[in-house]
Every structure is written in structure tokens, then in C-alpha cells.
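Okay, so here's the structure we're looking at.
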Amino acid sequence: MAENTVRNTQTTGSKAALILFVNYPKPGKVKTRLAHETNENFATDIYCCFIKDSLERFRNIKADLIPFISEKNKVRSFQQNFNFTSKCYDQSSGHLGIRMKHAMKVMFSDKFNHVAIIGSDCPDIPLSYINNAFSKLVKNDVVIGPSGNGGYYFIGCSNPRALNSLFNDIEWNTDKVVLQTINKIKTEGFSYSLVKEWRDIDCLEDLKNCNRNAGKRKFTHSHTINYLRTNK
42 MAENTVRNTQ TTGSKAALIL FVNYPKPGKV KTRLAHETNE NFATDIYCCF
92 IKDSLERFRN IKADLIPFIS EKNKVRSFQQ NFNFTSKCYD QSSGHLGIRM
142 KHAMKVMFSD KFNHVAIIGS DCPDIPLSYI NNAFSKLVKN DVVIGPSGNG
192 GYYFIGCSNP RALNSLFNDI EWNTDKVVLQ TINKIKTEGF SYSLVKEWRD
242 IDCLEDLKNC NRNAGKRKFT HSHTINYLRT NK
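Residues 42 to 273 in our numbering are what the sequence shown spells out, letter by letter.
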């Protein structure tokens, strides 16, 4: 894999950060639904492909790509295993909301103006979706990319004062996440915008759908599809 370096391509004078939330890949710890339908080694291998594809594709976004790794003290191992030479961080402890809030606060403290989080479970997403979301952040406090199951695949913020509304008192891992988040944003008076829906690859049918549509999504030569071709 080519060396992954990132650059900020913003031309407006503002700084944008795309945080990539990554679960450190270990058998039995990642893609558990897919592992149940196949096996743990397959699920771990395909998740490693998701990470590689995310790192390679998302570096073309008009933002600095900054991974946050779920397991403590695994940053150096992650950088070595995925040949990623730029800055990475540990995720904080706590539930998902606490970890996302902490990651965004770190980026705002590093003088980024527009900060977003995306997971490593949607490596085939059209890059135009993400670039459009960052464009909307210029005029909105919050931008959300819904995932279709009540959650979201993308959350962006340009106003640090909105972080409590985004991440406090949300029922995580339920179909209420987007609705509760939007209601809190409205109540607190922050502006927001939605972008096109996309879905994570969580189960075998999702993976088959990714494979079927790889051509029109310009994903044919990805690590994910190459792995599927050689491990039928």
C-alpha cells in the first residue's frame, strides 16, 4: 500500500479535520455481526481492508485525515500495520458519545474550525458526500449524515458550544440517535443540515451489496473487493 500522508486542502483559510474512528482490529472484537455469519478471521481481515480503503480514499477529502484508535497504546502499532505516517490519537474511555466528544474537543483545541467524525465501516461511500458535508459546515453549526437505521455515519461540527447537545444524554446504539440529536440541536438553537443517507457495512448482505455496486461507486480496485475476489 502506498504511504498514507495527509494534507489540508482547504483554500478558505479555515482548517478542517476528518476524524476516522477505528476499532483496533482483533478477531472477535470487530465486525461481530459479520463474524457470526462467516467467521472471526474473515471478519477481521475484511475490516482491515475497510481501514486501508478508508485511509487511502479519505485522504482525498478537503480536510486533514486523523485516525482515533479504540484500544489504548495502539497508535504506533496502527501506524506501522497500516503504513500511516501522520498523526493518530487514542480514543478516550467511556461510551461512544464521550469518545466522540473528546475527539472533537482535541481537534478544536488544535485550532481546527470544522471537525467531523466518520467511522471505518463505510469505505465505499462516494467522496462527494463527505466533501458536500464539509461545504455545509461553513454555514451550519452541525451537519449530520444519517445511516438509515436511526443512527448516523457522519457527524460534523463548526461550533464547539454545540458539543454538549451532540453527545450528552443520547441513547447510543439505538434507532433514536439522529432524532434525539436533532431535537437537542433545535432546542439549543444551533443550526444544522442533513446530507445524503449512507449505510455502514455491518453484515454479509451489506458486504454483498458493496461488491455488487463496486463498479458504479468506483470501488472496484479497492482492498475490500480484491479480498473478496481472492477469498470466495
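For each residue, glycine too, the CB sits at the ideal point set by N, CA and C.
query, result
"I'd like the list of long-range same chain contacts for P187, defined as Cβ closer than 6 Å, with 5 residues on each side in sequence excluded.", "Y193, V219 and E238"
"Cβ of A57 within 8 Å of Cβ of H143?", "no"
"Using the Cα positions of F195 and I166, report the straight-line distance between them to the nearest angstrom.", "11 Å"
"Would you mind sorting Q121 into buried or exposed? The rule is 16 or more other CB atoms within 10 Å of its CB.", "exposed"
"In the DSSP assignment, the beta strand (DSSP E) including C90 goes from what residue to what residue?", "From DSSP, C90 is part of no beta strand (DSSP E) but of the alpha helix (DSSP H) over E81 to F99."
"Since I171 is in the alpha helix (DSSP H), which residue starts that stretch and which ends it?", "L168 to L178"
"With C-beta atoms as the reference, is I171 less than 8 Å away from Y233?", "no"
"Mind checking which residues open and close the beta strand (DSSP E) that includes D165?", "D165 -> no beta strand (DSSP E), and no H or E assigned at all."
"Using only alpha-carbon positions, find the residue among C251, Q221, K259 and L204 that is nearest to L269.", "C251"
"Quick one: using the 10 Å Cβ neighbour count with 16 as the cut-off for buried, is G160 buried or exposed?", "buried"
"Per DSSP, what kind of secondary structure is S206 in: helix, strand or coil?", "helix"
"Going by CA-CA distance only, name the one from L61, L235, N64 and I87 that's closest to K324.", "No statement about residue 324 is possible, as the shown extent of the chain runs from 42 to 273 and does not include it."
"Tell me the rounded alpha-carbon separation between A255 and V183.", "30 Å"
"What three-state label does DSSP hand P280 in the structure shown?", "The first residue shown for the chain is 42 and the last is 273, placing residue 280 beyond what the model contains."
"Between N64 and T73, what straight-line distance do the alpha-carbon atoms span, to the nearest angstrom?", "12 Å"
"Assign D94 to one of two classes, buried (16 or more other C-beta atoms within 10 Å of its C-beta) or exposed (fewer than that).", "buried"
"Is the beta carbon of K177 closer than 8 Å to that of V116?", "no"
"Assuming contact is defined by CB atoms lying nearer than 8 Å, are F109 and I60 in contact in what I supplied?", "yes"
"If I follow the unbroken alpha helix (DSSP H) through I185, where does it start and stop?", "Careful: I185 lies outside any alpha helix (DSSP H), inside the beta strand (DSSP E) at V183 to P187."
"Can you tell me the Cα-Cα spacing of H136 and R253, whole angstroms?", "34 Å"
"Assuming D241 contacts C163 under a Cβ cut-off of 8 Å, what Cβ separation, rounded to an integer in Å, is found between them?", "5 Å"
"Please classify R202 as buried or exposed, where buried requires at least 16 other C-beta atoms within 10 Å of its C-beta.", "exposed"
"Suppose the cutoff is 7 Å on Cβ atoms and the five residues either side in sequence are ignored; what does the same chain contact list for V47 look like?", "Because V47 carries a pLDDT of 41, less than 50, the predicted location of this residue cannot be relied on, and no value is offered for it."
"Considering only DSSP beta bridges, list what Y130 is partnered with.", "F109"
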